[in-house]
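Here is the structure we will look at.
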Ligand SMILES: Cc1cc2nc3c(=O)[nH]c(=O)nc-3n(C[C@H](O)[C@H](O)[C@H](O)COP(=O)(O)OP(=O)(O)OC[C@H]3O[C@@H](n4cnc5c(N)ncnc54)[C@H](O)[C@@H]3O)c2cc1C
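In UniProt numbering, the protein residues as written are 1 to 411.
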């Protein structure tokens, strides 16, 4: 039986661990926190996942919360006007619903399942020296430790990382008591509120430790009026600030939020990081090689809500590559080819996400505006969150955007 060590029990590490376990591999999973510590800790993400990524979980029978989590059937875009009204407001229908299951619920539950199924779970924050020691006992070591310190083993790929600094300041609050969207109270949707020059406010339903809730997620342009959460320790102060900014910049969302309260003491999060693509293979001091997974190797800003989706896709791609490789050694060439296979899809996510962080060019503004008049454009844009490769066909190149809009208007 082949032995595999996975460091990091997040979306990618756990999905891979459980997938490999089902295939008969002897898997050791190293986590720096216990399931209980994760469950009772702080929120980590907004983790909205679209149909393709959810399907990878279904394929492994890991969709434990699918019937309880709200079904997000649409994705809307609102653009604020200088007078705090809206110049654009539309919602596209998703072909398959999206869902957000609080990572505190999912990772704690998956970790317990992994252990119940006989997996070796080691609670330990791994250092590079540990990996050096452990790697000799395993056929393959995968580093799925997110954006933590172990990324230092993987060199930054400057050719694929246009930004050296964080492009948004992030501030998340999980709440109960948010009212429905008055425009479409009949179905759940994520709403992306774009406030030019200021940032974005994302509002979406989730399943958290205390049941259904909603997330208010500000992404502030660094140094701007929304970049004000750093250093705030008190969760109620964090929520009060979130609401104050909503009242000022997105009053239509504030109107739904006048009765909200935090889900729990761990229901807020603030931080920032620079989007970074890294070289996928880490070399240990003793000469052993390790392969980076998901955020370790491709960390995008959450402005497009792709990280968990990408982690699921990465885990699925790596699982297939490991199984197909049979008994052959997991050497450097295999590691590079395995990452390249993931990069085939990840490159589209990175290109689109980095584009969304910049000031939108005129043809993109036209596209987003046209979606308010032409429902097929809104629907296609929304479904691009599930398959960002489609943006190549109508988003980046002004000529392709015009041709697409002309074809929809003509039809
Ligand atoms: C504010 C915010 C909002 C987001 N919203 C979305 C969204 O709506 N949709 C979406 O798809 N993505 C979203 N993301 C991104 C998404 O959460 C991540 O990309 C995703 O969780 C990455 O999965 P991963 O498996 O690579 O790493 P993680 O989920 O980060 O898991 C890594 C795990 O490794 C552990 N670890 C770290 N170091 C060590 C160590 N040395 N030893 C042992 N264990 C270690 C960590 O504690 C963690 O449990 C968001 C992110 C943020 C910050």
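The C-beta atom is built at its ideal place from N, Cα and C for all residues, glycine as well.
- Note on the stretch 2–61: whole alpha helix (DSSP H) runs with a minimum of 4 residues are 11–22, 35–39, 51–59, in chain order.
- When beta bridges are read from the DSSP output, residue 93 appears opposite 74.
- By the Cβ neighbour-count rule, residue 373 is exposed, with fewer than 16 other Cβ atoms within 10 Å of its own.
- Going by DSSP, residue 153 is part of no alpha helix (DSSP H) at all; its letter is neither H nor E.
- Annotation for residue 219: no alpha helix (DSSP H) segment contains it, though the beta strand (DSSP E) segment containing it runs 211–220.
- Closest in alpha carbon position to residue 291, among 302, 314, 301, 276, is 314.
- The Cβ atoms of residue 7 and residue 145 lie closer than 7 Å to each other.
- The Cβ atoms of residue 48 and residue 305 lie closer than 7 Å to each other.
- Only residues of its own chain outside the window of five on either side were considered, and among them 74, 379 have a CB closer than 6 Å to the CB of residue 93, listed in chain order.
- Here residue 346 carries a helix assignment [DSSP, helix/strand/coil].
- Within a 10 Å sphere around the beta-carbon of residue 253 sit 16 or more other beta-carbons, which makes this residue buried.
- Residue 69 places its beta carbon 7 Å or farther from that of residue 262.
- Secondary structure note for residue 202: it is in no alpha helix (DSSP H), and the uninterrupted beta strand (DSSP E) holding it is 199–208.
- By the criterion of a C-beta distance shorter than 6 Å, residue 376 is surrounded in its chain by 408, once the five residues flanking it on both sides are discounted.
- By the C-beta criterion, the stretch 12–19 is judged to be in contact with the stretch 140–154, since at least 3 inter-stretch pairs fall below 8 Å.
- When secondary structure is reduced to three states using DSSP, residue 284 falls in the coil class, being assigned neither helix nor strand.
- Distances from the CB of residue 304 to the heavy atoms of ligand 1 are all 6 Å or more.
- By alpha-carbon distance to residue 218, the top candidate from 212, 203, 257 is 203.
- In this structure, the beta-carbon distance from residue 232 to residue 174 does not fall below 7 Å.
- In the structure shown, residue 176 adopts extended strand secondary structure according to DSSP, grouped into three states.
- Approximately 6 Å separates the beta-carbon atoms of residue 323 and residue 23; this is inside 8 Å, confirming the contact.
- Rounded to the nearest angstrom, the Cβ distance from residue 298 to residue 350 is 6 Å, consistent with a contact under 8 Å.
- DSSP, read as helix, strand or coil, puts residue 312 in helix.
- Of the residues 149, 156, 86, the one whose Cα lies closest to the Cα of residue 196 is 86.
- Contact between the stretch 26–39 and the stretch 328–336 is absent, with fewer than three C-beta pairs closer than 8 Å.
- Taking the Cα positions, residue 76 is about 36 Å away from residue 112.
- Residue state for residue 258 is assigned as coil, using DSSP reduced to three classes.
- In this structure, the beta-carbon distance from residue 26 to residue 1 falls below 7 Å.
- Bounds of the beta strand (DSSP E) holding residue 188 are 188–195.
- The C-alpha of residue 98 is placed about 14 Å away from the C-alpha of residue 312.
- Contact fails between the stretch 152–163 and the stretch 173–191, because fewer than three Cβ pairs, one in each stretch, are under 8 Å apart.
- If the five residues before and after residue 150 are omitted, its C-beta is found closer than 6 Å to the C-beta atoms of 143, all from its own chain and listed in chain order.
- Residue 268 sits in a strand when the DSSP states are folded into three classes.
- Residue 222 and residue 169 do touch by the CB rule: their CB atoms are close to 6 Å apart, below 8 Å.
- If you look at residue 367, you'll find it in the alpha helix (DSSP H) that goes 362–370.
- By alpha-carbon distance to residue 319, the top candidate from 50, 59, 40 is 59.
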